[in-house]
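Protein chains in written order, with my numbering: chain A, 1 to 149; chain B, 1001 to 1355.
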Amino acid sequence: MSPATPSTPLTILLADDDPDDRLLVHDALAAARVVHTLRTVGDGQELIDYLQHRGRYSDPTTAPRPGLILLDLSMPKKDGLASLAEIKANPALKQIPIIVMTTSSQDEDIARSYDAGASSFVTKPLRFQALVDVMKTINSYWFETVVLP
Amino acid sequence: MRTLRQPLLVLDADLRVVTGNPAFYSAFQLDATESAGKTVDTLGAGEWGVMHIADLLKNVIRDDRELTAVEVRPVFGDMHLRRFLLNARALQGLDGAPPMLLLAFEDVTEQRRLALALDATVVELERRNRELQNFASIASHDLQEPLRKIQAFSDRLVTVCGDTLPADARDFVERITRAASRMSTLINDLLNLTKIMTRGKPFQPTSLTDVATAVLNDLEDAVTRSGASVTLDGLPVVNADPTQMRQLLQNLIGNALKFRDTTHPLVVAVSGSPLADGWRLTVEDNGIGFASEYAERIFDPFERLHARSEYEGTGIGLALCRRIMERHGGTIFASSDGAGGARFDVTFPNSSRMP
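Below, the structure written as structure tokens:
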């Protein structure tokens, strides 16, 4: 498959329990002029339900398979690491690249995320412009440089 | 025997009481006359609190072996529960007379009680310390979250509404942003302070000359800008966490460069000298110094002697140095006579001496 082009917008799925962070990522993607569609879920269980088209996500047209997942680690109920492990253990889902985005910059969290199969780990920046730059970089790398599965 | 403060008891080969000293009768609350001739088993109708004391003692006579430090917990009469260590040996009789047994008791009740109390205190202290360290790192982590929001939405306010915001509104947002940024730095500093204990690496032989040289390399720009002359002399090799030694020297030398007196050239002398029981590392400068009444306060976290606009920094550096030296079993002290500059003396204990 060739890299995504603006005529085939992909879905970026954000899993984050914090409504402020969901808003900031949405705004940062807009400010970075990323054409792809952002969908969000609020915790690890919703994330799995979305990916497996269960519950409120049983209609695949409202829950298109994401080309990329942005995953927060500290979510209630099923947290980020548990969700990450579950997705990577699922043959139908494990190919989807997952970027862990979280407040922590602790070494153990970084190591554990990569151990569990995360494609990369990003510490949520303090300033909004820095978040915009992160979104630009993610867009440029994952959607314009690499070839997605 | 009578004068000795340790309870002593002499038994014959049939384990009957021959004699005891006053310390014995008093400790075991027995009457000398009544006890005479009684076997050890029937003494005072009491309990020795040790298995088969008669058999143990018989073996001493039979095998001519000594009992050493056998613990007994006798309960006689009104005695409170006490613990003794018992030594016993056979005394060979003169001219073929039958052997006798000498029993010596040491009251270790108090020692045992104190040892247990000490263990309990240590366990409790370790638990509390772990809690504190955990609390500090959790708190800082959770505090960063809302801080990030304050920063990010202040940015959004300016970006989205900047044109319509009056000048003082923009000014207020600037101040909010700066304060949030400062808070973030303070939280990170606190976290670094706790990490000194929780993330400390094992000690290894560390050349302080090498560390200081690396630090000066890092601080090259600051050294050049200040035109400082920095000398290293006789720095020891100590048993230490190399990363923390780096932090220590970075803070001390960095401070010397920062708090210089711009009216004359800065001279910083970093030297080492052996002590009777360890090493001393000294960092001395001819900068602005400080009033000697602040010599202890400057080691408090976030303690600053100057306005933020005059000298940058959160005031955590010396607190880090002190915590590092605590971990290494050493000390750090500061002295200054005001305008003559400042001097920092760091001591490393003997255990860090390298052969």
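Built from N, CA and C at the ideal position, the CB exists for glycine as well.
Since we're looking at a predicted model, the values are computed, not measured.
In the three-state DSSP reduction, Q1204 of chain B falls in the strand class (E or B).
At a cut-off of 9 angstroms between beta carbons, R33 of chain A makes no contact with chain B. Look at P76 of chain A here: in three-state DSSP terms it is coil, with no helix or strand label.
Minimum Cα-Cα distance from K1058 of chain B among the listed residues B:R1089, B:Q1029, B:A1032, B:T1042 corresponds to B:R1089. In the DSSP assignment, N90 of chain A falls outside any alpha helix (DSSP H), carrying neither H nor E. With 16 or more neighbouring CB atoms inside 10 Å of its own CB, L1235 of chain B falls in the buried class. Taking 9 angstroms as the cut-off, the Cβ atoms of L1043 of chain B and M1100 of chain B do not count as close. With contact defined as three or more Cβ pairs closer than 8 angstroms, the region 1154 to 1174 of chain B and the region 1191 to 1209 of chain B are not in contact.
DSSP links E1071 of chain B through a beta bridge to B:L1085. Scanning chain B for C-beta atoms nearer than 8 angstroms to the C-beta of R112 of chain A yields nothing, as the closest lies near 15 angstroms away. According to the DSSP assignment, S1026 of chain B belongs to the alpha helix (DSSP H) that extends over 1022 to 1027. Secondary structure of R1128 of chain B (DSSP, three-state): helix. Excluding the 5 residues flanking it on each side, Q1250 of chain B has same chain C-beta neighbours closer than 6 angstroms at V1215, in chain order.
Between D115 of chain A and P125 of chain A, the C-beta spacing is not below 9 angstroms.
Our two residues, P1007 of chain B and E1071 of chain B, have alpha carbons roughly 14 angstroms apart in a direct line.
Note on geometry: alpha-carbon atoms of R1327 of chain B and Q106 of chain A lie some 22 angstroms from one another. The C-alpha of D27 of chain A is placed about 24 angstroms away from the C-alpha of H1141 of chain B.
For a cut-off of 8 angstroms, the C-beta gap from I98 of chain A to L81 of chain A is around 11 angstroms, too long to register as a contact. Contact of Q1144 of chain B with chain A is assigned, a C-beta pair being separated by under 9 angstroms. Membership of L1257 of chain B in the alpha helix (DSSP H) is indicated by the continuous run 1242 to 1258. For R1343 of chain B, the uninterrupted beta strand (DSSP E) run begins and ends at 1342 to 1349, by DSSP.
When C-alpha distances from N1087 of chain B are compared across B:F1105, B:V1267, B:A1013, the shortest belongs to B:F1105. When rounded, the separation of the alpha-carbon atoms in M135 of chain A and V146 of chain A is 15 angstroms. For V1040 of chain B, the closest alpha carbon among the candidates B:A1027, B:L1015, B:Q1029 is that of B:L1015. Within chain A, not a single residue places a beta-carbon under 8 angstroms from that of S1229 of chain B; the smallest gap is close to 38 angstroms. For the 9 angstroms CB-CB criterion, L14 of chain A and L70 of chain A form a contact. Taking 9 angstroms as the cut-off, the beta carbon of T37 of chain A is found closer than this to the beta carbon of P64 of chain A.
One Cα belongs to L1305 of chain B, the other to L1318 of chain B, and the distance between them is close to 12 angstroms. Contact between the region 1278 to 1295 of chain B and the region 1321 to 1336 of chain B is present: 3 or more CB-CB pairs across the two stretches fall below 8 angstroms. Under the three-state reduction of DSSP output, M1183 of chain B falls in the helix class. In the DSSP assignment, the residues bridged to A1104 of chain B are B:L1008, B:N1087. Within the same chain, and ignoring the five residues on either side of P1242 of chain B in sequence, the residues whose Cβ sits closer than 8 angstroms to its Cβ are K1201, Q1204, T1206, V1211. For M101 of chain A, the enclosing beta strand (DSSP E) stretches over residues 98 to 102. In its chain, beyond the 5 residues on either side, R54, K78, S83, E86, I87 have a beta carbon closer than 8 angstroms to the beta carbon of I48 of chain A. Nearest to M1325 of chain B by alpha-carbon distance, out of B:Q1092, B:V1017, B:L1193, B:A1117, is B:L1193.
When the five nearest sequence neighbours on each side are left out, the beta carbons in the same chain lying within less than 8 angstroms of the beta carbon of Q1244 of chain B are those of I1196, G1200, K1201, I1324, R1327, H1328, in order along the chain.
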